[in-house]
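Asker: Structure in structure tokens, see below.
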Amino acid sequence: MAVARSSVVMLGTDDTTGVTIATTATSADTEVDVLGNNTSLGYGNVFVKYTGTAAAGTLDVEVHHHRITAQDYKDQIPVELKRTFVPINGTEKLLVFRMIPLSRFMSVTVKNNAIGASVTNVFVGIELFAVS
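For the sequence shown, the numbering used here begins at 964 and goes up steadily by one.
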């Protein structure tokens, strides 16, 4: 048995280059092969980093598990895999989820409910601990 630690990008490119999400818009729900094989299991910490221009409204983060590729369960997301927080006027990096179980294929969405402002450089990453 081996334990491997790595990083996985779910949204954006890296900590300094993310995506822009307009007011009342939701990020693209892109599937990522988190574990890379069918014989590993994993847990991870999920981080969000963004730059906001308004401190009103909310940002909603959801983690989607996929049973197999292209089959997520958006209508059955447990409440512990949803987070809502109020954005700040500035840049913020948050630990959104701590040591959640990960499936091989996953995706993430971020909805911007901020009032009248886009959020820029939105990045979502996972610090992955895989056991194989």
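All C-beta atoms, glycine included, are put in the ideal place defined by N, C-alpha and C.
1) Can residue 1026 and residue 1060 be called in contact, C-beta distance under 9 Å?
2) In or out: residue 1089 buried (at least 16 other Cβ within 10 Å) or exposed?
3) For the beta strand (DSSP E) that residue 970 lies in, which residues bound it at each end?
4) Going straight from the alpha carbon of residue 1050 to that of residue 998, what length do you get?
5) Measuring CB to CB, does residue 1095 end up less than 9 Å from residue 1004?
6) For residue 993 and residue 1085, I'd like the C-alpha separation in whole angstroms.
Answerer: Reading it off the structure:
1) yes
2) buried
3) Residue 970: member of the beta strand (DSSP E) spanning 966 to 974, first to last residue.
4) 30 Å
5) yes
6) 14 Å
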